[in-house]
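Working notes, structure below.
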Amino acid sequence: MDLPVNLTFSLSTASFLEPNRSLGAENLRPSPPLPSVFGVLVLTLLGFLVVATFAWNLLVLATILRVRTFHRVPHNLVASMAISDVLVAALVMPLSLVHELSGRRWQLGRRLCQLWIACDVLCCTASIWNVTAIALDRYWSITRHLEYTLRARKRISKVMIILTWALSAVISLAPLLFGWGETYSEHSEECQVSREPSYTIFSTVSAFYLPLCVVLFVYWKIYKASKFRGGSRKTNRVSPEPEVVEVKNSAQQPQMAFTVRRATVTFQTEGDTWREQKEQRAALMVGILIGVFVLCWIPFFVTELVGPLCSWDVPAAWKSVFLWLGYSNSFFNPLIYTAFNKNYSSAFKSFFSRQHG
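Numbering (this note's numbering), first residue to last: 1 to 357.
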């Protein structure tokens with residue numbers, strides 16, 4: 001059931017006016033009305049979001065591939081996240097924009113609908129789990145920096161990347177392989193993720209609620225570790241103690257006496273050490289990354305879980321708002337990570353200088 005016109009916040013140009021039905025033409029499908037100024041502005045903004053998401057993630061991926069120092073952990077995790085976000089911008093968001101332009105009616109057939117939904121679930125789930133993998137890598141590097149060596153990080157990061165894409169593939173292909181619900185309705189021209197309650201619980205828990213619990217636990221542990229280290233810092237002082245030493249060479253030589261000051265060489269830790277500053281910067285990056293991830297995706301997954309289980313008919317306009325809010329997470333991910341890494345800013349400058357040169 002649609003909201004009233006004055007209360008509808010719709011991304012589609014077809015939902016601002018009710019379709020006109022002519023007498024004697026009940027079987028004809030209504031054509032969408034002309035877009036309003038607000039609809040044109042919103043669709044233009046969404047088109048810009050698609051282009052910006054694709055371009056920024058592609059730039060991050062190209063930088064990682066071109067700069068040799070980035071061919072290591074944790075940049076392979078960032079590369080995996082950039083790949084998933086590039087695929088979201090290239091395969092998912094454009095068809096979502098076409099879906100909005102057609103008044104949220106799917107007119108591209110069953111096969112393309114199934115492919116679109118599969119790519120949507122695959123890429124978005126991979127993006128979410130890649131954020132979780134980066135948070136775990138930061139957590140282990142802060143709390144277990146002695147055991148979590150470079151060799152261990154490479155091995156564990158590869159395992160996390162494989163598990164991320166394997167789990168995402170299972171969640172996305174389950175409706176097609178096992179007939180777990182239907183994604184396309186030819187009668188109502190709807191194309192959406194399967195509404196089967198069992199699949200809804202499986203997909204939402206595996207794709208969002210489980211990684212949400214992981215990242216919240218990880219950030220809580222990172223926060224506790226940073227607070228513990230900050231409270232345990234002590235200021236060391238060096239206090240040399242004088243000692244008088246007498247030296248007698250012989251009976252014929254005059255007696256000499258001189259003072260020797262003994263001091264122990266120590267490091268004074270009145271301010272933050274380099275490692276503590278690095279850990280604080282990493283903790284801040286993880287906190288912002290997790291915060292944006294939660295704000296972008298939690299409205300969509302709450303309605304996605306509660307709707308089928310409680311027979312709650314969520315308005316289509318709000319579904320679109322929540323879905324595009326989740327897509328925007330793929331735009332913010334590379335911005336947040338590169339903003340806290342000086343190597344990326346210098347690499348971007350050299351990359352653009354070569355292009356203009």
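Backbone N, C-alpha and C fix where the C-beta goes; we use that ideal spot for every residue, glycine too.
Check, Outcome
"Distance between Leu305 and Asn76 (C-alpha atoms, nearest Å)", "32 Å"
"Integer Cβ distance of Thr53 from Ser330, believed to fall under 8 Å", "5 Å"
"Start-to-end residues for the alpha helix (DSSP H) that takes in Ser194", "Unbroken run through Ser194: none, as it is neither H nor E."
"Enclosing alpha helix (DSSP H) for Gln114 [first to last residue]", "110 to 143"
"Straight-line gap, Val170 to Thr164 (C-alpha atoms, nearest Å)", "10 Å"
"C-beta atoms of Cys191 and Thr200 nearer than 8 Å", "no"
"Cβ contact (3+ pairs, closer than 8 Å) linking the region 107 to 125 and the region 342 to 352", "no"
"Check whether Ser203 and Asn130 have beta carbons under 8 Å apart", "no"
"Backbone CA spacing between Ser198 and Val121 [nearest angstrom]", "16 Å"
"For Tyr344, the three-state DSSP class (helix, strand or coil)", "helix"
"DSSP-derived helix/strand/coil call for Ser185", "strand"
"Option in Lys221, Thr338, Leu325 with minimal Cα separation from Val50", "Leu325"
"C-beta atoms of Thr327 and Met81 nearer than 8 Å", "According to the sequence shown, residue 327 is Tyr rather than Thr. Result no, Cβ atoms of Tyr327 and Met81 do not sit closer than 8 Å."
"Segment limits, alpha helix (DSSP H) that includes Ser320", "316 to 327"
"Beta carbon proximity, Gly291 to chain D, threshold 8 Å", "You won't find chain D in this structure, because it holds only one protein chain."
"Other residues of its chain near Asn341: CB distance less than 7 Å, five sequence neighbours each side excluded", "none"
"Residue of Ala166, Lys224, Ala79, Leu95 minimising C-alpha distance to Tyr139", "Lys224"
"Val244, DSSP secondary structure in three states", "Interpretation of Val244 is limited by its pLDDT of 48, a score under 50 that renders its predicted location unreliable; the figure taken from the coordinates is listed afterwards. Note: Val244 maps to strand in three-state DSSP."
"Environment of Asp313 [buried if 16+ CB atoms lie within 10 Å]", "exposed"
"Local conformation of Tyr337 per DSSP, three classes", "helix"
"Beta-carbon spacing of Tyr344, Thr63 below 8 Å", "yes"
"Integer Cβ distance of Leu61 from Val86, believed to fall under 8 Å", "6 Å"
"Nearest-angstrom Cα separation, counted from Phe217 out to Phe348", "33 Å"
"CB of Arg91 within 8 Å of CB of Cys119, strictly", "Sequence check: residue 91 is Leu here, not Arg. Going by C-beta atoms, Leu91 is nearer than 8 Å to Cys119."
"Closest residue to Phe293 among Leu95, Arg155, Leu335 (Cα-Cα distance)", "Leu335"
"Span of the alpha helix (DSSP H), counted from its first residue to its last, around Ser168", "150 to 178"
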